[in-house]
Structure formats: structure tokens, C-alpha cells
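A short worksheet on the structure shown next.
2 protein chains.
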Amino acid sequence: MEFKDLTKVYEMGEERVHALRGVSARIERGSFWAIMGSSGSGKSTLLSILGCLDRPTSGTYLLGGEDVSALDDDALSDIRLRHLGFVFQSFNLVPQLTVAENIALPLYYQGVPERESARRAEEFANVVGLGKRLGHKPSQLSGGQQQRAAVARALATDPTVILADEPTGNLDTATSVEIMELFASLHRRGKTIVMVTHEPDIAAWAQHRLVMRDGLVTEVRQ
Amino acid sequence: MEFKDLTKVYEMGEERVHALRGVSARIERGSFWAIMGSSGSGKSTLLSILGCLDRPTSGTYLLGGEDVSALDDDALSDIRLRHLGFVFQSFNLVPQLTVAENIALPLYYQGVPERESARRAEEFANVVGLGKRLGHKPSQLSGGQQQRAAVARALATDPTVILADEPTGNLDTATSVEIMELFASLHRRGKTIVMVTHEPDIAAWAQHRLVMRDGLVTEVRQ
Ligand SMILES: Nc1ncnc2c1ncn2[C@@H]1O[C@H](COP(=O)(O)OP(=O)(O)OP(=O)(O)O)[C@@H](O)[C@H]1O
Ligand SMILES: Nc1ncnc2c1ncn2[C@@H]1O[C@H](COP(=O)(O)OP(=O)(O)OP(=O)(O)O)[C@@H](O)[C@H]1O
Ligand SMILES: [Mg+2]
Ligand SMILES: [Mg+2]
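If you want it as C-alpha cells, here you go:
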């Protein structure tokens with residue numbers, strides 16, 4: 006992933022919010038990055054652009070050498086489904102679906118047969134410690150359990166790139182370590198991981214670090 | 006706040022989840038407590054019972070010496086409105102209302118005149134660093150900004166007791182310290198604060214600590 010001079014401006018009537026003011030970096034395939042920075046500095050905005058969920062206002066973004074701005078919405082949607090796993094800051098679980106159905110959702114969209122989907126959903130639920138919760142709905146889970154369901158969903162398609170926005174924000178230390186060990190083993194298997202976190206102990210699990218402030222990158226540590 | 010042998014069982018068809026298995030403690034007026042524990046250990050469940058948002062399955066809860074189980078829903082609602090400020094783990098902001106309207110919502114329910122409500126909402130928005138966001142909707146805010154709006158709403162009525170579920174879960178270190186300094190100053194002014202957190206640095210701001218695991222209290226540190 007290589008991005009150059011990315012800007013993002015949100016326009017709301019008269020007002021403009023400059024969420025990103027020109028950020029550039031190169032994230033090598035198979036590397037593990039932590040993005041840190043103050044609240045409102047643009048971390049989630051950057052992650053959504055890297056994850057092809059949103060387009061920058063200006064600047065270039067090359068994903069696997071390909072210019073993402075040249076792709077239409079369908080092509081972006083296809084890339085997201087086949088190569089990216091996204092853990093959202095507010096989880097975005099579907100309230101009407103069970104834990105198992107939520108985790109299996111991207112597999113369903115990929116056209117994976119029902120039985121294999123269900124098997125994989127159960128496997129990943131177990132990996133994040135939710136094996137006994139398959140039939141529960143999100144409203145019946147604690148905050149940290151919902152977060153883990155969101156992590157399981159992002160991993161179920163075995164994506165090449167994992168983008169995680171505060172994946173341990175609602176987890177106690179011991180459970181956070183379990184999730185980080187999971188990420189570390191995925192990284193050893195060749196995945197690219199870009200993780201937003203505000204906790205230094207969590208950022209320490211990554212190889213590289215990017216720090217943001219007010220829509221700009223203030224530090225890059227390789 | 007004094008509770009004894011509190012249990013909470015969630016029944017979902019055939020299944021029963023024992024969220025609380027008998028917890029007891031005494032939280033003196035004007036004290037500052039941190040509740041820690043593993044994901045799913047019952048922290049949010051305990052907080053919602055202390056905050057009169059939910060009733061225990063069994064056990065007693067005395068709030069200001071009064072047995073809460075003897076009160077009907079209207080009386081509980083009245084206590085919540087007049088004495089308690091609650092920061093939810095998932096914020097629970099109203100999507101259709103602006104930041105200012107969200108913060109002012111409890112004041113509106115208390116019957117405070119519009120102009121005074123708006124003035125106080127602006128004051129608390131400034132206190133949490135959202136002074137420039139009054140007209141924005143929650144979907145236009147970052148995760149940490151939404152969290153701060155939820156904190157401002159809990160404080161706007163100047164409640165005697167503040168119950169906060171992971172109030173800094175989405176905040177960077179510097180902003181977390183600002184929120185903790187705010188809580189510390191409220192505590193110095195005599196407020197009772199009960200805060201769920203998984204971060205030891207945040208728990209360190211409290212005077213006392215309660216640790217939970219699997220629906221039980223495993224440790225009480227005075
Ligand atoms: N409405 C509900 N229906 C069924 N079970 C529930 C419900 N709410 C919570 N639970 C269960 O009760 C237990 C305690 O949940 P609680 O939300 O209190 O945990 P917690 O300590 O706050 O966890 P976390 O740190 O992950 O937020 C969990 O096992 C959870 O799945
Ligand atoms: N849909 C939107 N409309 C308008 N402004 C937005 C929108 N989404 C984000 N913003 C603004 O863009 C800026 C960056 O937001 P972003 O969510 O990327 O921050 P962040 O670094 O993730 O913050 P946090 O650590 O609090 O989650 C913030 O000032 C935010 O209010
Ligand atoms: Mg964010
Ligand atoms: Mg909780």
C-alpha cells in the first residue's frame with residue numbers, strides 16, 4: 006500500500022472539516038503497522054481510505070501497485086471482499102443476525118457454501134473465545150465480546166490485509182494479549198496488518214509506527 | 006451505594022447466562038472507584054444495576070440507604086434523572102440529534118428552560134474539547150469525539166453520582182488524562198464516581214478498586 010499526499014475534506018453545508026491534510030507513507034506487503042495519534046487526528050479516516058471504504062479528496066493511493074482512484078465502486082467492493090478484512094471502531098455488527106451469522110457474513114457474500122461458512126464461523130468464534138456464543142445476538146454480548154465478534158468476522162475470509170481500528174479498545178489486558186498473539190501469528194503467516202490503537206502496549210506488537218496529529222503524519226518509525 | 010449478594014441471570018429460551026453470581030460491596034458517598042476485570046465478567050451488568058437501569062435477579066441494593074427493589078419503574082427513572090449521570094460503553098448518542106442537543110437531552114427531560122440547557126450544553130462541550138462541534142451529528146464525529154460527547158451528556162445535569170463504562174476506551178493518552186483530570190476535579194467537589202476501565206493507568210486515578218471475574222468479585226482494594 007503506497008499513498009501520497011492524501012487529503013480528505015468533509016463538507017457539511019457551509020463548513021469544511023479537513024480530516025486529512027496531506028499524508029504519505031509506504032506500507033510494504035507483509036508488514037505490521039500501528040497507527041497512533043490524538044482523538045480526531047484522522048486515523049479512522051486514513052484506515053477507511055486504505056481499506057477502500059472511502060475515497061480521498063485528493064492524492065494518490067496505490068494498492069498492490071494499482072491506482073485505486075481509477076477503479077469504480079464495484080471494483081473497489083470486489084477488492085474489499087476478496088483481499089481485505091476490516092475491524093471497525095464501532096464494530097458494525099448486524100443486530101438481527103447471530104454471532105455465527107455475523108462472522109460468516111463476508112463468506113456468504115463471497116459465495117462460500119453454507120456448510121463451509123458455518124464451519125469457518127465456528128472456528129473463528131472459538132479462536133476469539135466466543136465458541137459458546139454462536140447463537141447469541143450482539144445485544145446479548147458484552148462490549149468486549151462484540152469487539153471480538155467483529156475481529157472474527159474480519160479474519161473469517163483469510164484476507165491478505167487486515168485493517169483494525171482499535172481492536173482491543175474494550176478488552177482487558179489478558180484478552181488483549183490473546184488478540185495480539187492472534188495478529189502476530191497471522192503476521193508470521195505473511196499477512197499485512199495495519200492497526201489503529203491508542204495504547205502503547207498494543208502498538209508495541211507492531212514492527213512500524215505512524216503517528217498522526219490534526220490530519221498530518223508527525224512521525225514514522227520503521 | 007451498598008449492594009449485597011447481587012445476582013443477574015439472563016434467560017434466553019433454554020439458555021441461562023449467569024452474568025452476576027453474588028457480588029457485594031459498599032461504595033461510600035464521595036468515593037472514587039475503578040471496576041476492572043476480564044471481558045464478560047459482569048462489569049457493565051453491575052454498573053447498570055447500580056445506575057438503576059436494570060434490576061438484579063436477587064440480592065439487595067441500597068442507594069442512599071433506600072432499598073431500590075421497593076421502588077417502581079417511575080421512581081427509578083426519577084432517581085436516574087435527578088441524581089445519576091451514566092456514560093455507556095457504546096455511547097448511546099441519538100443519531101438524529103446534534104452534539105449540543107445530545108448533551109442537553111437530560112436537561113430537557115428535567116424541564117430546564119431551553120436557553121439554560123443550551124448554555125450548559127455548550128459549557129460541557131467546551132470542557133471535553135468539543136466546543137466547535139455543537140452543530141454536528143454523531144456520525145460526523147470520530148470515535149473518541151463521540152465518547153467525549155457521551156461524557157459531557159452524563160455531566161450536564163451536575164449529578165451526585167457518575168457511573169462511567171470505559172470512558173476513555175477510544176481516547177489517546179493525552180485526551181484520556183484530560184477526562185481523568187475532569188473526573189478528579191468532580192471528585193474533589195464531592196461527587197461519587199464509579200468507573201469501569203480495563204486500563205491500569207486509568208484505574209490509578211481512582212481511590213479504590215474492585216476486580217471481577219466470571220460474575221464474582223475477586224478483589225476489593227480500599
Ligand atoms: N442482554 C443480555 N442477554 C444475555 N446475556 C447478556 C446480556 N448482557 C450481557 N450478557 C452476558 O452477561 C455477561 C456479563 O456481561 P457484561 O456486559 O456485564 O460484561 P463486561 O464485564 O462489561 O464485559 P466487557 O469488558 O467485555 O464489556 C457476559 O457473558 C454477557 O455475554
Ligand atoms: N462523516 C464525517 N463528516 C464530517 N466530519 C467527519 C466525518 N468523519 C470524521 N470527521 C471528522 O474528521 C476528523 C478525523 O476523524 P477520524 O475519525 O479519522 O479521527 P480519529 O483519529 O479516528 O479519532 P479517534 O481516535 O477519536 O477515533 C475529526 O475531526 C472528525 O470529526
Ligand atoms: Mg477513530
Ligand atoms: Mg462491558
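Protein sequences, first through last, are from chains A and B. Mind the numbering: the first sequence is residues 6 to 227 in the numbering used here, read in order. Mind the numbering: the second sequence is residues 6 to 227 in the numbering used here, read in order. Here a beta-carbon is modelled for each residue, glycine too, at the ideal position from N, C-alpha and C. The structure displayed is predicted, hence computed values, not measured ones.
Three CB pairs or more closer than 8 angstroms across the region 198-209 of chain A and the region 118-129 of chain A: no
Own chain residues within Cβ distance below 8 angstroms of LEU112/A, not counting five before or after: For this step, residue 112/A is matched to residue 107 along the first sequence. For LEU112/A, where only same-chain residues beyond five positions count, the Cβ hits under 8 angstroms are GLU121, SER122, ARG125, ALA126, ALA161 and THR162.
Whole-angstrom distance between GLU16/B and LEU139/A, CA atom to CA atom: Taking the first sequence and counting its residues from 1, the one referred to as residue 139/A is at position 134. Taking the second sequence and counting its residues from 1, the one referred to as residue 16/B is at position 11. Taking the straight line from one Cα to the other gives about 16 angstroms.
Any C-beta of chain A under 8 angstroms from that of LEU112/B: On the second sequence, residue 112/B is found 107 positions in, with the first residue counted as 1. Not one chain A Cβ lies under 8 angstroms of LEU112/B.
Beta-carbon spacing of ILE184/A, LEU191/A below 8 angstroms: For the purposes of this step, residue 184/A is identified with residue 179 of the first sequence, where counting begins at 1. For the purposes of this step, residue 191/A is identified with residue 186 of the first sequence, where counting begins at 1. For ILE184/A and LEU191/A, no; Cβs fall outside 8 angstroms.
Inter-stretch contact (C-beta, 8 angstroms, three-pair minimum) for the region 153-173 of chain A and the region 35-43 of chain B: no
ILE40/B: first and last residue of the uninterrupted beta strand (DSSP E) it sits in: Here residue 40/B corresponds to residue number 35 of the second sequence, with the count starting at 1. Element bounds for ILE40/B: 37-42.
Cross-chain neighbours of MET6/B in chain A, by beta carbon under 8 angstroms: Here residue 6/B corresponds to residue number 1 of the second sequence, with the count starting at 1. Result: empty, since nearest Cβ-Cβ is about 22 angstroms, beyond 8 angstroms.
Opening and closing residue of the alpha helix (DSSP H) in which LYS48/A lies: For the purposes of this step, residue 48/A is taken as residue 43 along the first sequence, with counting starting at 1. Looking at the DSSP string, the run of the alpha helix (DSSP H) that includes LYS48/A is 48-55.
Residue ranges of each alpha helix (DSSP H) within the region 148-181 of chain A, 4 or longer: Taking only runs of at least 4 residues, the alpha helix (DSSP H) segments lying wholly in the region 148-181 of chain A are 148-160.
C-beta atoms of GLN145/B and LEU135/B nearer than 8 angstroms: Mapped onto the second sequence, residue 145/B falls at position 140. Mapped onto the second sequence, residue 135/B falls at position 130. Result no, Cβ atoms of GLN145/B and LEU135/B do not sit closer than 8 angstroms.
In DSSP terms, what ILE198/B is bridged to: Numbered from 1 along the second sequence, position 193 holds the residue referred to as residue 198/B. BP columns for ILE198/B point to PHE37/B and ILE167/B.
Interfacial residues, the region 56-88 of chain B to chain A, with Cβ spacing under 7 angstroms: Taking 7 angstroms as the Cβ-Cβ cut-off, the region 56-88 of chain B has no residue approaching chain A.
Neighbouring residues, chain A, relative to THR178/B (Cβ below 7 angstroms): For the purposes of this step, residue 178/B is taken as the residue at position 173 of the second sequence. By Cβ distance, chain A contributes HIS203.
Beta-ladder partner(s) of GLY90/A, from DSSP: One-based indexing of the first sequence puts residue 90/A at position 85. Bridge partners of GLY90/A: ILE167/A.
Minimum C-alpha distance to GLU186/B - residue among TRP210/B, GLN94/B, GLY56/B and LYS196/B: Locating residue 186/B in the second sequence gives position 181, counting from the first residue. Ranking the options by Cα distance to GLU186/B, first place goes to TRP210/B.
Where HIS192/A sits in the DSSP three-state scheme: Sequence index remark: in the first sequence, residue 192/A carries index 187 (1-based). The answer is helix: DSSP assigns HIS192/A an H, G or I state.
DSSP-derived helix/strand/coil call for ARG125/A: Here residue 125/A is taken as the residue at index 120 of the first sequence, counted from 1. In the structure shown, ARG125/A sits in a helix (DSSP, three-state: H, G or I).
Residue from SER181/B, PRO143/B and MET200/B whose Cα sits closest to the Cα of ASP170/B: The residue given as residue 170/B occupies position 165 in the second sequence. Closest option to ASP170/B, Cα to Cα, is MET200/B.
Rounded separation between VAL117/B and GLU20/A - CA only: The sequence position of residue 117/B within the second sequence is 112, counting from 1. The sequence position of residue 20/A within the first sequence is 15, counting from 1. Using only the alpha carbons, I get a separation of about 30 angstroms.
Which of helix, strand or coil DSSP assigns to LEU67/A: To locate residue 67/A, count along the first sequence from 1; it is residue 62. In the structure shown, LEU67/A sits in a strand (DSSP, three-state: E or B).
Cβ-based contacts, 7 angstroms cut-off: residues of the region 154-181 of chain A near chain B: Residues are counted here when their Cβ sits less than 7 angstroms from a Cβ of chain B; for the region 154-181 of chain A these are GLU171, GLY174, ASN175, LEU176, ASP177, THR178, ALA179 and THR180, given in chain order.
For THR180/B and GLY56/B, the rounded distance between their alpha carbons: Here residue 56/B refers to the residue found at position 51 of the second sequence. Here residue 180/B refers to the residue found at position 175 of the second sequence. In a straight line, the C-alpha of GLY56/B is about 26 angstroms away from that of THR180/B.
Collapsed DSSP secondary structure at GLY27/A in the structure displayed: Here residue 27/A is taken as the residue at index 22 of the first sequence, counted from 1. Strand, per DSSP.
Counted within 10 angstroms of its Cβ, other Cβ atoms place ARG194/A as buried (16 or more) or exposed: In the first sequence, residue 194/A corresponds to position 189, counting from 1. By the 10 Å Cβ count, ARG194/A comes out exposed.
CB-CB length for VAL92/A against PRO172/A, believed under 8 angstroms: Within the first sequence, numbered from 1, the residue matching residue 92/A stands at position 87. Within the first sequence, numbered from 1, the residue matching residue 172/A stands at position 167. Going by Cβ atoms, the distance from VAL92/A to PRO172/A rounds to 5 angstroms, so yes, they are a contact pair.
Reduced DSSP secondary structure (H/G/I, E/B, other) of ARG214/B: The sequence position of residue 214/B within the second sequence is 209, counting from 1. Strand.
SER36/A at chain B interface by Cβ criterion, 8 angstroms: On the first sequence, residue 36/A is found 31 positions in, with the first residue counted as 1. Cβ-Cβ to chain B under 8 angstroms: no for SER36/A.
LEU248/B, DSSP secondary structure in three states: Only positions 6 to 227 of chain B appear in this structure, which leaves residue 248/B out of reach.
Residues of the region 92-105 of chain B with Cβ closer than 9 angstroms to any Cβ of chain A, in chain order: GLN94, SER95 and PHE96
GLU106/B, enclosing alpha helix (DSSP H) - first and last residue: The residue labelled residue 106/B in the question sits at position 101 within the second sequence. Run containing GLU106/B: 104-115, per the alpha helix (DSSP H) assignment.
Collapsed DSSP secondary structure at GLU16/B in the structure displayed: Looking up residue 16/B in the second sequence gives position 11. Strand, per DSSP.
Among GLY18/B, VAL14/B and VAL28/B, the one whose alpha carbon lies nearest that of VAL225/B: Against the second sequence, residue 225/B aligns to sequence position 220. When only C-alpha atoms are compared, the closest one is VAL28/B.
Contact under 8 angstroms by Cβ, TYR66/A with SER74/A: Along the first sequence, one-based indexing puts residue 66/A at 61. Along the first sequence, one-based indexing puts residue 74/A at 69. Going by C-beta atoms, TYR66/A is nearer than 8 angstroms to SER74/A.
Counterpart residues of GLU183/A in DSSP-defined beta bridges: Your numbering for residue 183/A matches position 178 in the first sequence. Paired residues: none, contrary to the question.
For PHE8/A: DSSP bridge partner residues: Translated into positions along the first sequence, residue 8/A becomes position 3. As computed with DSSP, PHE8/A is found in a beta bridge with ALA30/A and TYR66/A.
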